[in-house]
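K.L.:
The sequence shown begins at 1 in full-length UniProt numbering and counts up one residue at a time.
Cβ atoms here follow ideal geometry from the backbone N, Cα and C, with glycine treated the same way.
Below you will find the structure I want to go over with you.
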Amino acid sequence: MTKFISAFEDFFKSIYELFASIVGALASMVNAVISTIINFFSGIVNLSADVLKGAVDLVGGIGKFITGNIVVIGFIAAAGYLYIRSQQGRPVVPAKKTN
């Protein structure tokens, strides 16, 4: 008789463990899905911040380049202006008006 009671006891324990493992697996899956969603949106925020930081760094780098080479850039701009003026047939220095 004790073996019979022990068998029922083991049977009900195994059923409890089965349901406990199913509930644990479902809780783990829900946790993984929620974690994935949170990581996705935080990744989007991090991506946006990195893109903005890169754009600011790019603009800053271009600004540093221009300020570092302002004389050369000014010389090239002046030469281009003079070249275009001479190609259009206008004198570089306007003629003086005489009365």
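(1) If contacts are defined as beta-carbon pairs under 8 Å, then Ile73 and Ile66 qualify, I think. What distance do you get, rounded to the angstrom?
(2) If you draw a straight line from the C-alpha of Gly60 to the C-alpha of Gln87, how long is it?
(3) Distance, Cα to Cα, Ala25 vs Val45?
(4) Indicate the three-state DSSP secondary structure (helix, strand or coil) for Asn46 in the structure shown.
P.N.:
Working from what's here:
(1) Within the sequence shown, residue 73 is the residue found at index 73, counting from 1. Within the sequence shown, residue 66 is the residue found at index 66, counting from 1. So it is a contact: roughly 6 Å between Cβ atoms.
(2) To locate residue 60, count along the sequence shown from 1; it is residue 60. To locate residue 87, count along the sequence shown from 1; it is residue 87. Going from the Cα of Gly60 to the Cα of Gln87 covers about 36 Å.
(3) Taking the sequence shown and counting its residues from 1, the one referred to as residue 25 is at position 25. Taking the sequence shown and counting its residues from 1, the one referred to as residue 45 is at position 45. So the alpha carbons of these two residues sit roughly 30 Å apart.
(4) As a working mapping, residue 46 is identified with position 46 in the sequence shown. The answer is helix: DSSP assigns Asn46 an H, G or I state.
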